[in-house]
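If you count by full-length UniProt numbering, then the sequence shown holds residues 1 to 306, one letter each, in order.
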Amino acid sequence: MSLILFAEQVLNGLQYGVMLFLMAAGLTLVFGVMGLINLAHGSLFMVGAFAAAAVAGATGSFALALIAALAAAAAAGALVELLVIRRLYDRDHLDQVLATFALILIFSEGTRWIFGSFPLYLNIPSALSGPIALPGGIQYPLYRLTLIGIGLAVAVGLWALIAKTRLGIQIQAGEADREMIAALGVDISKLYTIVFALGAALAGLAGALVGAIQSVQVGMGEPVLIVAFVVIVIGGIGSIKGALVGAILVGLTDTLGGVLLPELFKLFLDNSAASSVGSALASMLIYILMAAVLIWKPTGLFGARA
Numbered sequence: 001m002s003l004i005l006f007a008e009q010v011l012n013g014l015q016y017g018v019m020l021f022l023m024a025a026g027l028t029l030v031f032g033v034m035g036l037i038n039l040a041h042g043s044l045f046m047v048g049a050f051a052a053a054a055v056a057g058a059t060g061s062f063a064l065a066l067i068a069a070l071a072a073a074a075a076a077g078a079l080v081e082l083l084v085i086r087r088l089y090d091r092d093h094l095d096q097v098l099a100t101f102a103l104i105l106i107f108s109e110g111t112r113w114i115f116g117s118f119p120l121y122l123n124i125p126s127a128l129s130g131p132i133a134l135p136g137g138i139q140y141p142l143y144r145l146t147l148i149g150i151g152l153a154v155a156v157g158l159w160a161l162i163a164k165t166r167l168g169i170q171i172q173a174g175e176a177d178r179e180m181i182a183a184l185g186v187d188i189s190k191l192y193t194i195v196f197a198l199g200a201a202l203a204g205l206a207g208a209l210v211g212a213i214q215s216v217q218v219g220m221g222e223p224v225l226i227v228a229f230v231v232i233v234i235g236g237i238g239s240i241k242g243a244l245v246g247a248i249l250v251g252l253t254d255t256l257g258g259v260l261l262p263e264l265f266k267l268f269l270d271n272s273a274a275s276s277v278g279s280a281l282a283s284m285l286i287y288i289l290m291a292a293v294l295i296w297k298p299t300g301l302f303g304a305r306a
């Protein structure tokens with residue numbers, strides 16, 4: 001493998017990682033603060049993608065599409081929290097899993113009813129289309145490079161929100177001792193709604209951004225959700241820094257493994273067998289990484305509690 005191809009795959013892994021971060025950050029906020037297992041988080045990813053595709057198709061504006069994705073996902077998240085999730089905080093995790101799995105079915109069938117069963121397509125804006133020349137002779141798609149920048153900017157913004165604002169202090173306190181901050185006069189119900197809507201908005205933004213490089217279709221959020229769970233287990237539940245580091249590790253492991261392992265097995269097997277064995281092993285790498293991290297540190301890289 002050439003050095004240029006390797007560098008391109010590293011950038012692909014980084015781009016995949018920061019998109020996973022947008023999913024995992026909302027998921028780890030909800031689980032860390034509320035103690036809630038939300039299987040419907042991937043459906044909010046799908047809501048953002050469909051809202052962006054619909055608005056972009058009607059207006060031709062990618063910026064309006066992103067705003068629509070954020071607004072639609074946040075509104076859907078707030079509505080779900082008010083009508084369903086609020087009744088699950090004091091229930092055990094099995095009830096939460098069953099209820100949020102039902103929400104997946106509702107979102108999927110509702111989306112199919114509104115938009116139909118055929119995929120939608122969200123075009124990359126013309127200003128971000130085409131490749132850009134990077135040092136070393138690398139030609140890399142400008143849009144994917146922009147996704148990396150947006151993801152890292154969101155990570156910095158989330159850090160500032162959690163570490164530097166009053167709302168962030170309340171979120172941290174809610175994660176540590178929700179009964180105490182409720183006793184101190186913080187409206188815990190309002191805080192939970194805000195946190196859930198924020199996590200939903202991040203998922204919707206990820207859906208809109210990814211929707212421009214793949215088709216927008218019903219059920220597109222569930223595969224991403226599975227990997228996002230792997231990310232928060234690796235990074236540590238409730239940790240934004242852990243979500244970012246875990247997402248980048250998973251993105252790089254998945255992308256580079258899919259390229260390097262088949263090449264490695266070609267040293268021992270014929271091309272067809274090497275590709276088959278290498279691809280099969282590459283698909284397991286992120287779970288092997290998760291197991292290795294948990295053996296070394298059961299709370300995850302930056303987790304504060306078991």
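All C-beta atoms, glycine included, are put in the ideal place defined by N, C-alpha and C.
| message | With three or more beta-carbon pairs closer than 8 Å as the criterion, would you say the stretch 85-100 touches the stretch 37-52? | response | Contact holds: three or more Cβ-Cβ distances are below 8 Å.
What residue range is occupied by the uninterrupted alpha helix (DSSP H) comprising Q96?
It spans H93 to F115 - the alpha helix (DSSP H) in which Q96 sits, taken as one unbroken run.
| request: Can you have a look at Q214 and say buried or exposed, based on whether 16 or more other CB atoms are within 10 angstroms of its CB? | output: An exposed status is given to Q214, since fewer than 16 other beta-carbon atoms sit within 10 Å of its beta-carbon.
Thinking C-alpha only, which one of A25, F268, Y16 and L14 is nearest S239?
Shortest Cα-Cα distance from S239 to any of A25, F268, Y16 and L14 involves A25.
**Asked** What is the DSSP secondary structure of Q139, reduced to helix, strand or coil?
**Response** Of the three classes helix, strand and coil, the one that applies to Q139 here is strand, per DSSP.
*Rounded straight-line distance, which links the Cα of L256 to that of Q9*: If you draw a straight line from the Cα of Q9 to the Cα of L256, it is about 6 Å long.
What did DSSP end up calling S275 once you bin it into helix, strand or coil?
-> In the structure shown, S275 sits in a helix (DSSP, three-state: H, G or I).
request  = Quick one: grab the DSSP three-state call for L88.
outcome  = L88: coil per DSSP, three-state reduction.
### Query
Applying the criterion that 16 or more other CB atoms from any shown protein chain within 10 Å of the CB defines a buried residue, is residue 363 buried or exposed?
Outside the displayed range of the chain (1 to 306) lies residue 363, so it cannot be described from this structure.
Candidates I4, G57, M23 and S2, of which the one nearest G251 by Cα
Closest by C-alpha distance to G251, out of I4, G57, M23 and S2, is M23.
Check your understanding: For I237, which of helix, strand or coil comes out of DSSP?
Key -> If DSSP states are grouped into helix, strand and coil, I237 belongs with coil.
* For L120: DSSP bridge partner residues -> L120 has V216 as its beta-bridge partners, per DSSP.
### Residues near A306 in its chain [Cβ-Cβ closer than 7 Å; skip 5 each side]
For A306, the pLDDT reaches just 46, beneath the cut-off of 50, and the residue's location in the model is therefore unreliable, although a value from the coordinates is still provided. Cβ neighbours of A306 beyond the five flanking positions: P298 and T299.
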